[in-house]
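First comes the structure, then the notes that go with it.
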Amino acid sequence: MRVIVRRCEGVTSHLLSPSCLPVSNTRFHQLHPVAGSTRRFARWITTKGSLAGSKPAAIESPRVRRQEFHSDPARTATLKQEFHSILAAAQPDLVMEAFLNPDYHEIVAQLPQGVFVEAFRLLSPSYFIEPYKELHELLSPRVARTKRCTAIQVIYDEFATKLSTIIRMRQLAGHPTSLAEYTHLLDCAQSIGDGLMAEYIWHSMSKASVSPDLTCYNHYMESKIWNGCHAGLEQYRMRMTSWAYYRRRDASNEGWNNYGTGPRSLKREIRLICERMLEVGLEPDERTMINVFLAVSRTGWAPGMWKFLYDVWNVDVRELENGDRKPIVPIHRSSPVYPTSRLLWAATHAFGTSNDIPGALRVLDQVSNSYGIEIPESVWIELLKRSYILSVRRHGRIGRTLRFGTVSYGFIRSIYETITKGPFKAKLTFDMHWFFAKSAWNMGNLQNLKTHMMLAYEMLEETRRKRKHAREVVESYLPPLESSDARINPDILRSRGFAEAVRAYDIIRLRCVQQTTIIERLARLCHRPRHHKTENPWYWARVVAPRILEEWRDFLPEYFTYETPDGTVKIRGNTCFGRHSRLASHDKVQVRRPIEAIAPTPGSDTVDDDFIWAKYRDRMSTEEQNHSLLKLLIQPVRLSDDIHPSEMELEEEYEQMELSQEVIFEDESEVKPTYREPCDDEEFKNLVSKAELEARERKEIWFEHAFGYINRPELAYE
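Residues in the sequence shown are numbered consecutively from 1, following UniProt numbering.
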């Protein structure tokens, strides 16, 4: 570690690469360094091919070069006027672009400290990070890559790299980094969940003799508690079990090394930080106490969690377990540790990750009633997420250790009744419908699954309406597609209205991608018959499955497989799951197509936004395509070969999917469907009963193009 840092010291500031950890006799400086991969450490290295590893191309930092003012005084005055007009607009995207623009480097270097700090605070993680972090919770890195969305880790790395570039620019100009800048950097580190970044910032503060305040301590603790918990494998491994405790003891276990247990105990690190904070005379507040509480929960130490709740907020968990619900003596409202909704979320998360959902409910009810705190939407989502994780049945060699603290599938349904019909009457979100639908699928309840799927689809339609409105706002700043002049006015690209419109549209579009992906998953789950408790499996295979396939065909790939009592139905087409970002081959939005509908489905003729932006991209010059705001519009656009792959690629994919089938069938003869005239339900039931008695030797059914054959529920086979 010392060799690597010494190599870095010549090319970057002490803010990002301290020569070594400060040596001190106090226990505070004997903290364990945060484990970081070579990829994450390389973000802070400005040279390529260093001992820490080369930088990925996706997060290449902008070049920092000192550039003298133009010899033309008029040009210099124009640049100053442009830059100060950007600062006056106070638009974060424009300020970030101006800070990184080489033409403005000398102006940035000469800014007064107060002006720079106010502009630097505009680069807030609440604007650049938090909206995307929320939307990526239901999108795994693999799904985000398939859907051509920018991975959340890339967003984190790009944001941190840009901030480090701006700070280096100021330091090269001789400006020392102040407490306000350090506080903002620590805030960014805790939002990203980057303990390594916070560690470097903290020790450079110590080296520069900058005394941190209470906000800095809180950010520093949060960055350690949430280190690596917002991206990668670690975000799916928050639950504490004996297996997880064992894996987190060793920092070499990839996917488990974001925070530690045992010798690398996170709880001990946070305790040492708090002791140091008390030594310098800082009084802890609610955020500080919540950080300590979460650090205790990271080790799964339930008695420590109970004692901490009682000592700080007078919540006796043991009495609540025994059924004694005496009202607690609330602390005074003027106390700095007086609880808010933040404590409700922390308690739900801590007890949920510690396999104690009943305890989470008891604490949630006691604190909210005793302190008069309304339970927000985020708390219900966290409770539902942790309950669903504990309701899934685990198997395998470590399955026994994962069965501790499990809840039944019916418990998820009781949460639904509590949220919707109890005194809370909270409005269900899209995330809630996703968890309720998955729980219904686990219970084998197809009707509840379809109900939540329909409600989620209605929310998707509302999101699409918002996306259309946001796109029209962005298009109002651009030359029309029908116009012969495709050049974009440079003044528009520097306007506050255009920047805010692009950022709002980008977030809504990502939300639309997230919700569309969830509907695709639910449509796929509907074709898992062994999880549906139907009275007649033949009726499901002949009526229910084809109807679902016809109704949700836009959300299913053209190459699709599902099981029936006869064997496996394989539908061959141009797209498949996990390979193509867009499952439909047409350029229209994906819509539900009810079988009973006579008129065309509303919105079925609407062109998808990606194809609209593809036309804009073809009209843009290379310089315009590289503009930071226009990149947000055209970068996620899907390519043509992604929608229509070559025949060779499809044949190779078919072979791989066929070889990966778990069930081997004896007869692979091809059976083509034929149609009968529509019949009533009684006739069809007789047909199904007759089919059940027949000994079928055909074990596999092949359809070359399903949507050309299955357009009626009255499908039978010869």
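Glycine included, each C-beta is placed from N, C-alpha and C at the ideal position.
Extent of the continuous beta strand (DSSP E) to which residue i belongs
i: Gly567; result: 567-571
i: Thr564; result: 560-564
Check whether residue i and residue j have beta carbons under 9 angstroms apart
i: Thr183; j: His219; result: yes
i: Arg362; j: Glu321; result: yes
i: Pro125; j: Phe99; result: no
i: Val607; j: Arg464; result: no
i: Tyr132; j: Ile166; result: no
i: Leu87; j: Ala109; result: no
i: Phe411; j: Ser387; result: yes
i: Gln171; j: Leu122; result: no
i: Cys216; j: Leu186; result: yes
i: Val337; j: Glu374; result: no
i: Ala428; j: Ala440; result: The sequence shown places Leu at residue 428, rather than the Ala named in the question. It is not a contact, given that the beta carbons lie outside the stated cut-off.
i: Gln515; j: Ala437; result: no
i: Gly300; j: Met205; result: no
i: Arg528; j: Glu500; result: no
i: Arg148; j: Ser581; result: yes
i: Met221; j: Cys188; result: no
i: Gly174; j: Cys229; result: no
i: Trp256; j: Arg248; result: yes
i: Ser178; j: Val115; result: no
i: Leu402; j: Val379; result: no
Contact belief for residue i with residue j at Cβ below 8 angstroms, rounded distance in angstroms
i: Trp313; j: Val367; result: 7 angstroms
i: Leu266; j: Ile225; result: 7 angstroms
i: Asp431; j: Leu138; result: 7 angstroms
i: Asp609; j: Arg467; result: 7 angstroms
i: Gly578; j: Thr146; result: 6 angstroms
i: Thr561; j: Val569; result: 7 angstroms
i: Ala198; j: Gln190; result: 7 angstroms
i: Ile357; j: Val407; result: 6 angstroms
Cut-off 7 angstroms between Cβ atoms - residues of its own chain near residue i, not counting five sequence neighbours on either side
i: Val502; result: Val474, Leu629, Leu632, Leu633
i: Asp485; result: Pro479
i: Ser370; result: Pro327, Ile328, Pro330
i: Ile488; result: Leu478, Pro479, Glu624
Range covered by the alpha helix (DSSP H) that runs through residue i
i: Tyr127; result: 125-128
i: Trp380; result: 377-391
i: Ala251; result: No alpha helix (DSSP H) holds Ala251; DSSP gives it neither H nor E.
i: Gln235; result: Segment: none, Gln235 is in no alpha helix (DSSP H) and carries neither H nor E.
i: Ser341; result: 341-353
i: Tyr156; result: 152-172
i: Phe404; result: That residue, Phe404, is in no alpha helix (DSSP H); it is neither H nor E in DSSP.
i: His452; result: 446-475
i: Lys307; result: 302-313
i: Cys216; result: 214-225
i: Ile415; result: 409-421
i: Arg443; result: It should be noted that the sequence gives Met, not Arg, for residue 443. Met443 -> alpha helix (DSSP H) spans 430-443.
i: Asn369; result: 357-371
i: Ser140; result: No alpha helix (DSSP H) contains Ser140, which DSSP labels as neither H nor E.
i: Glu97; result: 92-100
i: Glu118; result: 113-121
Close Cβ partners of residue i (< 8 angstroms) along its chain, the five nearest in sequence each way excluded
i: Pro594; result: Glu551, Thr601
i: Ala523; result: Met453, Ile548, Trp552, Phe555, Leu556
i: Asp605; result: Lys588
i: Arg271; result: Val292, Ala295
i: Glu461; result: Gly603
i: Glu377; result: Ala426, Lys427, Thr429
i: Glu655; result: Any reading at Glu655 must be qualified, since the residue scores a pLDDT of 41, below 50, and its modelled position is unreliable; the value itself is stated next. Nothing meets the Cβ criterion.
Chain-order list of residues whose beta-carbon lies under 6 angstroms from that of residue i (same chain, five-residue window excluded)
i: Pro537; result: Pro565
i: Ala144; result: Ala151
i: Phe404; result: Asn355
i: Met238; result: Thr353
i: Phe128; result: Phe159
i: Leu510; result: Leu135
i: residue 804; result: An answer regarding residue 804 cannot be provided, because it is not within the stretch 1 to 718 covered by the chain.
i: Glu60; result: Since pLDDT at Glu60 reaches only 44, below the 50 mark, its modelled position is unreliable, and no value is offered.
i: Gln153; result: Ala231
Strand pairing of residue i, partner residues [DSSP]
i: Ser265; result: Gly260
i: Lys147; result: BP columns for Lys147 are empty, so no partner.
i: Val607; result: Lys588
Residue i CB to nearest heavy atom of the ligand FMN below 8 angstroms
i: Thr561; result: The ligand FMN is not part of the structure shown, which contains no ligands of any sort.
Residue-chain proximity (residue i, chain B), Cβ-Cβ < 9 angstroms
i: Ala251; result: Absent from the structure: chain B. Only one protein chain is present.
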